[in-house]
Amino acid sequence: MVRQIFSTDSKPLDPFSKRIALQVEYEGTRYMGFQFQPEQPTIQGEIEKAIHQLTGETTRIRGASRTDSGVHAYGQIVDGLIKDKYSIRTVQRALNHYLPSDIKVTNAYDVCESFHSRRDAQSRIYRYQILNRSDPSPLRRRTHYVIQEPLDDSRMSQAAKDLVGSHDFKQFTKGLNNYTSTIRQIFRWDVQRNGDIVTIECEGNGFLRQQIRRANSILVEIGKNKWPDTSIKDTLEDKFEKGKSHTVLPALGLCLMEVKYYNFWDKVIN
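The sequence shown runs 1 to 270 under the working numbering.
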């Protein structure tokens with residue numbers, strides 16, 4: 001017996017369908033984020049359009065992380081349903097043919113029907129790149145944020161330790177409804193320098209909207225020796241000095257590097 005399979009928007013698909021998972025790399029500069037928005041260019045919209053060009057079917061995909069407008073990805077994971085008649089290699093080649101040059105599928109897998117790219121994720125790793133020098137770089141202008149003032153990366157690294165653990169990050173986000181939990185588990189938040197490149201990399205079970213860029217903006221102010229070392233802790237405890245405003249670092253420096261799963265290979269169908 002073949003069960004009827006439905007897409008995530010409840011429209012019935014061909015019963016002979018299968019679930020696929022895609023690892024996707026993209027430069028987010030010209031997109032309004034990952035999540036589909038009518039009449040706006042989005043990563044989800046482009047992938048769904050490419051699937052439609054291949055199969056003639058309309059379906060909805062799911063992403064492990066809903067990256068904001070302008071944010072890049074090296075290892076975004078998405079999943080969705082597609083007709084079973086297409087081999088996974090055919091799917092990858094065809095989607096890369098139809099996708100624009102700033103979005104590409106780097107790996108593709110047949111997975112079991114129960115796989116959910118977002119809910120099954122154990123953690124997500126994000127990296128923020130800062131070019132810390134007076135002159136900009138033409139080659140890095142879309143992926144690195146330029147800060148001309150010298151940054152004390154040692155102070156930044158020490159302050160970043162206050163972000164690790166389970167915390168309520170309500171002071172690091174905005175625009176959430178009353179039903180959204182603002183508690184997140186952070187496994188690491190590292191700051192490293194390699195020449196004039198300062199890299200801030202964090203891993204957590206999930207992140208709120210603008211959480212990473214708001215936290216990193218505080219670390220930058222600490223690195224400029226403008227704010228005290230306790231600024232992260234004070235913000236978490238809602239003791240931040242009145243009159244100081246939290247800025248949000250530009251999206252161009254942020255990239256989703258990897259999504260980790262406890263049992264991903266158990267979900268892959270050979």
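Glycine included, C-beta positions come from ideal geometry on N, C-alpha and C.
Is it the case that the Cβ atoms of residue i and residue j are separated by a distance below 8 angstroms?
i: Ser123; j: Asn205; result: yes
i: Tyr145; j: Phe207; result: no
i: Gly80; j: Phe34; result: no
i: Ser231; j: Ala159; result: yes
i: Thr173; j: His72; result: no
i: Val78; j: Leu163; result: no
Rounded to the nearest angstrom, what separates residue i and residue j at their Cα positions?
i: Gln76; j: Pro136; result: 28 angstroms
i: Ala50; j: Ala251; result: 25 angstroms
i: Leu99; j: Arg89; result: 15 angstroms
i: Arg93; j: Gly56; result: 16 angstroms
i: Asp238; j: Ile269; result: 48 angstroms
i: Pro86; j: Ser114; result: At residue 86 the sequence reads Tyr, which differs from the Pro that was named. Using only the alpha carbons, I get a separation of about 20 angstroms.
i: Trp227; j: Ile218; result: 8 angstroms
i: Asn194; j: Gly45; result: 36 angstroms
i: Trp189; j: Tyr128; result: 11 angstroms
i: Val220; j: Tyr26; result: 26 angstroms
i: Gly243; j: Lys233; result: Note on Gly243: pLDDT 49, under 50, position unreliable in the model; the coordinate value appears next. In a straight line, the C-alpha of Gly243 is about 17 angstroms away from that of Lys233.
i: Phe187; j: Cys202; result: 8 angstroms
i: Asp266; j: Ile200; result: 32 angstroms
i: Val191; j: Met156; result: 7 angstroms
i: Leu95; j: Thr235; result: 44 angstroms
i: His97; j: Gln171; result: 43 angstroms
i: Ile212; j: Thr58; result: 34 angstroms
i: Gly253; j: Arg133; result: 15 angstroms
i: Ile5; j: His52; result: In this prediction, Ile5 has a pLDDT of 33, which is less than 50 and means its spatial position is unreliable; what the coordinates show is noted afterwards. Approximately 17 angstroms, taken between the alpha carbons.
i: Pro38; j: Gly175; result: 20 angstroms
i: Leu131; j: Gly70; result: 18 angstroms
For residue i, write down the residues that DSSP places opposite it in a beta bridge.
i: Ser123; result: Lys260
i: Gly165; result: Ile186
i: Leu81; result: Arg19
i: Asp110; result: Ile20
i: His72; result: Cys255
i: Gly63; result: Val78
i: Thr199; result: Gln129 and Gln192
i: Lys104; result: Glu25
i: Val268; result: Val111
i: Val146; result: Leu131
i: Gly204; result: Arg124 and Ile186
Less than 8 angstroms between CB atoms is the rule here; does residue i satisfy it with respect to chain D?
i: Ser137; result: The structure shown contains no chain D, having only a single protein chain.
Residue i: buried (16+ other C-beta within 10 angstroms of its C-beta) or exposed?
i: Ile222; result: buried
i: Ile183; result: exposed
i: Glu48; result: buried
i: Ser101; result: exposed
i: Tyr31; result: buried
i: Gly28; result: buried
i: Gln40; result: exposed
i: Val259; result: buried
i: Thr180; result: exposed
i: Thr42; result: buried
Inset, instruction - Spell out a yes or no on whether the region 14–30 and the region 102–120 are touching, meaning 3 or more CB-CB pairs, one atom from each, closer than 8 angstroms. - result: yes
Legend entry - Stretch pair the region 164–172 + the region 148–156: three plus CB contacts closer than 8 angstroms: no
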